[in-house]
Structures are given as structure tokens and as C-alpha cells.
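Quick notes on the structure that follows.
Number of protein chains: 2
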Amino acid sequence: MRNIKLTLEYDGSGFFGFQKQPGRATLQEAVEKALSSFFDAKVKIAAASGRTDAGVHALEQVVNFKTASTRELRLIQKGLNALLPESVSVRKIEEAPAEFHARYSVKLKTYEYHVWNDPVRSPLFGLRAFHVPGPLDVGRMRRAAGILKGRHDFRSFCDAGSGALADSSRRGTVRTVKRLEVKRQGGLITLTVEADGFLYHMVRNIAGVLIAAGRGRLALKKIRDILNARDRRAAPQGAPARGLVLARVRY
Amino acid sequence: MRNIKLTLEYDGSGFFGFQKQPGRATLQEAVEKALSSFFDAKVKIAAASGRTDAGVHALEQVVNFKTASTRELRLIQKGLNALLPESVSVRKIEEAPAEFHARYSVKLKTYEYHVWNDPVRSPLFGLRAFHVPGPLDVGRMRRAAGILKGRHDFRSFCDAGSGALADSSRRGTVRTVKRLEVKRQGGLITLTVEADGFLYHMVRNIAGVLIAAGRGRLALKKIRDILNARDRRAAPQGAPARGLVLARVRY
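So the protein sequences, as listed, match chains A and B. Per the working numbering, the first sequence starts with residue 392, numbered consecutively. Per the working numbering, the second sequence starts with residue 392, numbered consecutively.
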């Protein structure tokens, strides 16, 4: 059996998240349908981030599947792109070693969170961003990011939800955030979060804290208290899904 | 009466172009409806580019209207943004001199045309771009642009259509293209066209010529023949509306 790795790009706004759900359009269903139709046999995939929410986008989501087919990679990619909806595409296709698993082999994942920060909404640049009309102090957001960066127990940043408990009980709630950057280009603020793993809604909850800090609604010295509380109720509301993009997965 | 100038940004993909048409969603209808509802009186607008096609976007479309209302500009802007659909916003609002007319006072307009040039479509970056999967030689596109730049009779770049003849018979078909640039950033190619006026579909037809040149399907020496022919049939097919953005209007 060959083990094939696909790198997908998608606009998540028309999907109810990644994971299959009966009677709803999901990314897993769309990709497995295209694969099964191409190979004329039932194909199942594993994904780097298999539990992303409705509305979350991906610049690089990685999945893998097994097949006995001997078709050329280039032809598989072409065929899948013809079968997939416009909002999903296979950007890269590679042979992977037998032991490769898109989820369990992940070393690092990078998410971006986009904020449109201008009094007026932007139909062109704000389409995949959370609109914050009031002023945001990027300097304060960077100082807040400096506090959250590093190895911490992120339990206060983990929402309750399907799979959340199972995953956190298996691995605990300690994660290492290797990179947490805040950049502004005109009205668009991009938060980049890179970590060895993410708890349920962790990026959206980190974005919520940085935005609250940037608005001046959260004192920087409170951020360490939020981490220490190890309680979701200690942190502000998470930011909405539409600003979130899975940007990169490293193995 | 006050004369008020609005700068609009919109995603044109959900509209049948700018100009009112019975029974269809158009930008003119959406904006006049919001204005009439805000002022509780029938309001009509004039637009810098009032005849753009279905699917064309704007970063800066300018319109003006007259009103006897004494309300503050800031409040008018806020009210309109609350009444307009998500895909349209009033980015700027200003008082204009009585003689200002959004269409007849235009000095320069700038359009951008976006091409996604990669074998695989991009659901995130290619959303508002024309997908050209085969290779494009940007150097050749720039040389083609150098030939089209300047003051020429652009009749070969003017499609037949409503208003096209009326406008060209009034002003003729000579226009001055002051800027015609080709930039590449990864898979995204942006053509920037600035001129003192545009014939019907002129930017899309210029984009069609530059793309044909970039593909190697059109010899550079043929471009002067196309201009000299003063006949639409001499030029290649125009590029589709989805890649076109009205970027700036100067008065």
C-alpha cells in the first residue's frame, strides 16, 4: 500500500468544519468523496487538524490516505482538483513513508488570526477577518504575546467540547508556543501562533486575550493570573472562527 | 442643497454590476436604497464608474448625491454602513462643491486586474482573480504593456454594449494610459492600469492582450497592428470580470 500526503488549501466559510458530521457539508466529507470517486473505492483520510471549527480556513492543511493504486501523483492531483469544489484545492501531493500519519506525526503547527481594525468594515480585506472597529494598541498586544509565549499550562485557553477532554487527558494541557507575533499592515492585524500542539479553541482564546489587551480592557499583569488559574472562566471570550487560518504544518 | 461625496468599497461578486436594472441586485440600487431609507426621501446618485459589469469589485468607487439634510457627515456614514449589505461599505464621506459630479469631474481612474498564475487554483488568494494555470512570462507582459502605454486610439479595445457607442461618439476613442504596470508576488500577478478615461471593457481587453503576450500566443510586434486596426476583432478575447477591481478615482 502507498501512503500519500496531500497539502490542501481551502476557504472554510461554506463548511461545517473539518470533521465529518451526518447531513452537513464538511471538508473531510468533500475530500473523501473526491478520493473515493477518483479511485472508485472507499478512501478514508487522517488530517493534521481534524477538528477545526466551521468557518476556519487553511492555507496548508495536511491529510494522508492509503491506496493500492499505482497512478502517478501528478494525475491523482489533477483528478482530485477536478472533482473537489472550487473552495478546496490540492496544492501539493507527495509519497510518504508507511508510518507517516498526518495527525500523530505533527511536530509544529502555525495558525494565523486576522483582525480588521478600522472604524469601517472592509468588504475586500475584511472578508476573512474579525472586525474590531475601536483602536487596538499593537505595542500592548505584543507585550501580552510575550507573556503567553513559551511553555505553559494552557488549560485556561481550552474550551470544553467534543474531543477536547479526551485529548487533554491524554497529553495534558501543557503546550509550547514557539512563536507568537503581532503585525500590522494598514487596517489588517495578523497574529501568528506556532506551537507543538493546540488545545480546543486555543488560538481563538489567545486572540481573545491579545485583542482585550490591545483594547485596554485587560491589564498585562492579569495575563499571568489567567495562565495560573488553569480555568477557562478566567480568560476573556475567544475571537470568532472567521479570522482563523491554519497556515502551516511541520513534520 | 449639500453635495456629498462618498467613497465606497465593495465585493461585486453578488451584484449584477453597478447600474440599476429592474429586478436585479445592483450596487446603485443598494446604495440608493440605503440613502433613501436614511434620509426618508428618494435619493439618486451619480458614480465615477457607473457602468461596471457584474462581478467587478471596488476598493474606491466614488458617488455623489444632493441632500437638504443638515445631519453630520459622521452620522450619515454610520447610518449608511448600518443599512448597506455586508459586501458594501462607505469608507469615506466628504462635503463636495456644488459643481462636483462623481462621473463628469473624474480626472484619472486606476483599475487593477488580478491573475492567479499557478497550475493549481487558490481558494484563498485566487478568489478575486482570473486563474491562468500555464506559465506567464512577466517580462514579455511588461514589454507588451510598454507598447500600449500612452495616448492611443483604443477602439480595438472597446466592446460593443449599452452606452459604449454613446460615450465613444461623444468623446471619441482616444484615451491616455498614464500607467500600465505588471507585478508578480508569488502566484499572484497584478496589472495596474491608470488612464484619463476608459472605453467599454477596455481594462479587461488590455488584460486579455497582456495575458496572451505572457503566454507566448501573441507576438509583441502584433500589438501595434491591433491598435492600428481600430477594430475590436483584431484583439484577443478579454479577461473575465472576476479579476477586475476599481482601485482609485482622482478628481
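We put the CB at the ideal spot given by N, CA and C, even for glycine.
Query: Classify residue 502 (chain A) as buried or exposed, calling it buried when 16 or more other Cβ atoms lie within 10 Å of its own Cβ.; Result: buried
Query: In terms of residues, what are the limits of the beta strand (DSSP E) holding residue 596 (chain B)?; Result: That residue, residue 596 (chain B), is in no beta strand (DSSP E); its alpha helix (DSSP H) goes 593 to 605.
Query: Give me the Cα-Cα distance between residue 617 (chain A) and residue 591 (chain A), rounded to the nearest whole angstrom.; Result: 17 Å
Query: Tell me whether the region 631 to 639 of chain A and the region 502 to 515 of chain A touch, counting them as touching only if at least three CB pairs, one residue from each stretch, are closer than 8 Å.; Result: yes
Query: Going by DSSP in three states, residue 454 (chain B) sits in which element: helix, strand or coil?; Result: strand
Query: How would you call residue 532 (chain A), buried or exposed, if buried means at least 16 neighbouring beta carbons within 10 angstroms?; Result: buried
Query: Kindly indicate the opening and closing residues of the alpha helix (DSSP H) around residue 465 (chain B).; Result: 464 to 474
Query: Leaving out the 5 sequence neighbours to the left and right, which residues in its chain are closer than 7 Å to residue 594 (chain B) when beta-carbon positions are compared?; Result: 502, 504, 584 and 635
Query: Please report the straight-line C-alpha distance between residue 564 (chain A) and residue 526 (chain A), rounded to a whole angstrom.; Result: 33 Å
Query: Beta-carbon of residue 440 (chain A) versus every beta-carbon of chain B: anything under 8 Å?; Result: no
Query: DSSP on residue 536 (chain B), reduced to helix/strand/coil?; Result: helix
Query: Beta-carbon within less than 8 Å of residue 603 (chain A)'s beta-carbon, same chain only, minus the 5 sequence neighbours each way: which residues are those?; Result: 609 and 627
Query: Count the CB pairs spanning the region 515 to 526 of chain A and the region 403 to 423 of chain B that are closer than 8 Å, and state whether there are at least three.; Result: no
Query: Taking C-beta pairs closer than 7 Å, name the residues in chain A that residue 515 (chain B) reaches, listed in chain order.; Result: 400, 402, 448 and 450
Query: Are residue 632 (chain A) and residue 449 (chain A) closer than 8 Å when you measure CB to CB?; Result: no
Query: Count the CB pairs spanning the region 460 to 476 of chain B and the region 417 to 433 of chain B that are closer than 8 Å, and state whether there are at least three.; Result: yes
Query: Along the chain, where does the beta strand (DSSP E) containing residue 489 (chain B) start, and where does it finish?; Result: Note, residue 489 (chain B): premise wrong, no beta strand (DSSP E); not H, not E.
Query: My parser needs the alpha helix (DSSP H) runs of 4 or more residues fully inside the region 403 to 463 of chain A; what are they?; Result: 418 to 430
Query: Under a three-way DSSP split, which group does residue 577 (chain B) fall into?; Result: coil
Query: In chain A, what lies closer than 9 Å to residue 485 (chain B) by C-beta?; Result: The contacting residues do not exist; residue 485 (chain B) stays about 14 Å from chain A at best.
Query: Along the region 485 to 512 of chain A, where does the CB come closer than 7 Å to a CB of chain B? Name the residues.; Result: 511 and 512
Query: Output the distance between the C-alpha atoms of residue 438 (chain B) and residue 495 (chain B), rounded to the nearest integer angstrom.; Result: 9 Å
Query: Could you have a look at residue 544 (chain B) and say whether DSSP puts it in helix, strand or coil?; Result: strand
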